[in-house]
Each structure stands twice: as C-alpha cells, then as structure tokens.
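Visitor: Have a look at this one before I ask anything.
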Amino acid sequence: MNDTDRRKPSISRPLHFRPARPDDGAALWRLVGATGALELNSAYFYLLFAADFGDTCLVAEHDGRMVGAVVGYHPPRQTDTAFVWQIGVLPEHRGQGLGLKLLQEWSALPANRGCRWVTATVADDNTASQALFRRFARDCGTDCAVSPLFTADMFPCPHPAEPLYRIGPLDGSAP
Numbered sequence: 001m002n003d004t005d006r007r008k009p010s011i012s013r014p015l016h017f018r019p020a021r022p023d024d025g026a027a028l029w030r031l032v033g034a035t036g037a038l039e040l041n042s043a044y045f046y047l048l049f050a051a052d053f054g055d056t057c058l059v060a061e062h063d064g065r066m067v068g069a070v071v072g073y074h075p076p077r078q079t080d081t082a083f084v085w086q087i088g089v090l091p092e093h094r095g096q097g098l099g100l101k102l103l104q105e106w107s108a109l110p111a112n113r114g115c116r117w118v119t120a121t122v123a124d125d126n127t128a129s130q131a132l133f134r135r136f137a138r139d140c141g142t143d144c145a146v147s148p149l150f151t152a153d154m155f156p157c158p159h160p161a162e163p164l165y166r167i168g169p170l171d172g173s174a175p
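Per full-length UniProt numbering, residue 1 is the first one in the sequence shown, and the count goes up by one each step.
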C-alpha cells in the first residue's frame, strides 16, 4: 500500500445521499471548514440553511460521516432556477468523482426537479469548481454560460471576482 492508498479512503461501501436535516447545520459548518477551499460562513448560517432550506441542500455520507455537501436554494424571483451556494468534498474523498455525483444527486432532489437552470458563482481562482460546473453541463448535454456578476471591487475586502455560471436549459430530469 502506498501513501496515496492510505490517504484516499476506499469507497467500497456505498455513499448515502439525502437532503439536509435541521440537525445537519453543525456538520455542514465543520465540513465547509475542513475543505480548505470554501469560504466559511457563520455556524448560524448553516444551522438556518439546514433548517429552512434542507430540501434544496444535499449531504453525502460515508460510514455515517458527512463527506460532501451541496448548500443550495431557489432564488426568490427565479422559480425555474436552483442556485448552488456551496459545494464541498472533504480532501480525502476528492479525485473520485464525488463533486459531480453530488451535483447530479442534488439536481434530482424533489425540490429541484423541474428546474431548467442551475446557477452558481465561482471565484476566478477556483479552477476545480469551474471545471466541475462545466463538466456537469457537458454531462447534461447543455450549455454553461459564464457572465460577470460580482466583480472584485464589489467586495468590502480583498476577494477574487465571482462570475455567474448558468447551466441549462435542463430538461427537468436528473442527468
């Protein structure tokens, strides 16, 4: 067994995907912090999102432990759109296609069925997420349009621009 084999857990046991529950807030906060790649919001944010928007959020569990998640919602004036606020996978579970599987399972949630568009903002320096959303669009057989949304000068502190990724139109069924 080499070092890579020790770092990457075996996914021999299946992953379990489910909508977030109100009691998932603390685990979501820990997961986002542990990714090392996402902006960590307050613990209250994740508690509130899990409680109020759990039907548009998804968690992936391996051996009863949260290893990935999508925090999402439907923008109020865009009823045909599902927005990915954050998507994260623990470092030791990366490189196995879990990010793409999370997006596929998330788009198939009952609350997201019928949505014709998936949107997200992705920081200019986050090449992994950029590739993930483009791959998701390709696998869905649709377009991924990128347009300016939040420029770097809009942030109150140093922050890369966050353009909008708009994937669709989708046919309303899971990819």
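In this text, a Cβ means the ideal position worked out from N, Cα and C, and glycines have one as well.
Beta carbon of ALA43, beta carbon of PRO22: below 8 angstroms?
Guide: In the sequence shown, counting from the first residue as 1, residue 43 sits at position 43. In the sequence shown, counting from the first residue as 1, residue 22 sits at position 22. It is not a contact, given that the beta carbons lie outside the stated cut-off.
Visitor: Smallest Cα separation from ASP133: which of ASP80, ALA152 and ARG166?
Guide: Counting from one through the sequence shown, the residue named residue 133 turns up at place 133. It should be noted that the sequence gives Phe, not Asp, for residue 133. Among ASP80, ALA152 and ARG166, the Cα nearest to that of PHE133 belongs to ARG166.
Visitor: Under 8 angstroms, do SER107 and VAL89 count as touching if we go by C-beta distance?
Guide: Counting from 1 along the sequence shown, the entry for residue 107 is found at position 107. Counting from 1 along the sequence shown, the entry for residue 89 is found at position 89. The answer is no: Cβ separation not under 8 angstroms.
Visitor: Which residues in the same chain have their Cβ closer than 8 angstroms to the Cβ of LEU58, if we skip the five residues on either side of it in sequence?
Guide: Within the sequence shown, the letter at position 58 stands for residue 58. For LEU58, where only same-chain residues beyond five positions count, the Cβ hits under 8 angstroms are PHE17, ARG18, PRO19, ALA20, ALA69, VAL70, GLY72, LEU102, GLU105, TRP106 and LEU109.
Visitor: Look at the alpha carbon of THR56 and the alpha carbon of SER147, and state the distance between them as a whole number of angstroms.
Guide: By one-based count along the sequence shown, residue 56 stands at place 56. By one-based count along the sequence shown, residue 147 stands at place 147. Roughly 24 angstroms between the two C-alpha positions.
Visitor: Which residues mark the beginning and the end of the alpha helix (DSSP H) in which ARG138 is found?
Guide: Residue 138 sits at position 138 when you count from the first residue of the sequence shown. Element bounds for ARG138: 127-140.
Visitor: Quick check: what's the CA-CA separation for ALA131 versus LEU100?
Guide: In the sequence shown, counting from the first residue as 1, residue 131 sits at position 131. In the sequence shown, counting from the first residue as 1, residue 100 sits at position 100. The straight-line gap from Cα to Cα measures roughly 10 angstroms.
Visitor: Going by CA-CA distance only, name the one from ALA26, HIS74 and GLY141 that's closest to ALA111.
Guide: Against the sequence shown, residue 111 aligns to sequence position 111. Considering only alpha carbons, the answer is HIS74.
Visitor: When the distance is taken between beta carbons, is GLN86 closer than 8 angstroms to LEU47?
Guide: As a working mapping, residue 47 is identified with position 47 in the sequence shown. As a working mapping, residue 86 is identified with position 86 in the sequence shown. Cβ distance not < 8 angstroms, so LEU47 and GLN86 don't count as in contact.
Visitor: Within the same chain, show all residues whose beta-carbon is closer than 7 angstroms to that of ASN2, passing over the 5 residues directly before and after it, in chain order.
Guide: Start at 1 with the first residue of the sequence shown, and residue 2 comes out as number 2. With a pLDDT of 43 at ASN2, under the threshold of 50, the modelled position of this residue cannot be trusted; read the value that follows with caution. Hits under 7 angstroms: none found.
Visitor: Compare the C-alpha of PRO82 against each of GLY54, ALA120 and ALA60 and name the closest.
Guide: Residue 82 sits at position 82 when you count from the first residue of the sequence shown. Note that residue 82 is Ala in the sequence shown, not Pro. Among GLY54, ALA120 and ALA60, the Cα nearest to that of ALA82 is on ALA120.
Visitor: Measuring straight from C-alpha to C-alpha, what distance separates LEU98 and ASP143?
Guide: Along the sequence shown, read from residue 1 onward, the residue named residue 98 stands at position 98. Along the sequence shown, read from residue 1 onward, the residue named residue 143 stands at position 143. Distance between the alpha carbons of LEU98 and ASP143 is about 21 angstroms.
Visitor: Pull up the CB-CB distance for PRO163 and ALA152, whole angstroms please, since I reckon it's below 8 angstroms.
Guide: Position 163 of the sequence shown holds residue 163. Position 152 of the sequence shown holds residue 152. That pair is no contact at about 11 angstroms.
Visitor: Could you tell me if ALA26 is buried or exposed, where buried requires 16 or more neighbouring beta carbons within 10 angstroms of its beta carbon?
Guide: Residue mapping note: residue 26 aligns to position 26 of the sequence shown, counting from 1. It counts as exposed.
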